[in-house]
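Asks:
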Amino acid sequence: MQLTALFRFCKVLTGAVLALSLFNCATQSTSLRSMSEGELLAYNRGKPVMKQIHCQHNQHSTGSHIRRTECKSVEDWVYHNFRTQMAIDIISTHKHSN
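Offset between the sequence shown (1-based) and my numbering: plus 456.
(1) Alpha carbons only, please: which of 543, 540, 491, 500 is nearest the one belonging to residue 530?
(2) If we call anything under 7 Å between Cβ atoms a contact, is residue 526 one with residue 512?
(3) Just grab the DSSP bridge partners of residue 526 for me.
(4) Using three-state DSSP, classify residue 502 as helix, strand or coil.
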């Protein structure tokens with residue numbers, strides 16, 4: 457009986473920690489997007505290059521004047537670009553094999 461209660465407690469605790477960490481990530485991303493270039497430089501000062509934050513301004517759809525700012529660590533951008541290149545390579549290989 458005590459083991460079941462302990463299991464439920466661990467399950468609730470894990471859920472709470474996960475929810476708080478997701479909230480923290482969303483909040484941090486929003487605050488990074490609102491930083492000026494100077495604030496971002498100060499934020500990155502002293503951090504290793506792969507941990508520094510870089511923001512990219514994207515205009516997604518044709519005819520849209522709404523720009524979306526996406527901020528990630530250099531490490532996350534490298535991973536994102538690696539995954540994108542892998543997808544392009546897969547499509548390219550599949551296209552040439554037919």
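We treat Cβ as the ideally placed atom computed from N, Cα and C, and that holds for glycine. Just so it is clear, the structure is predicted and the values come from calculations on it, not from any experiment.
Replies: Short version:
(1) 500
(2) yes
(3) 512
(4) coil
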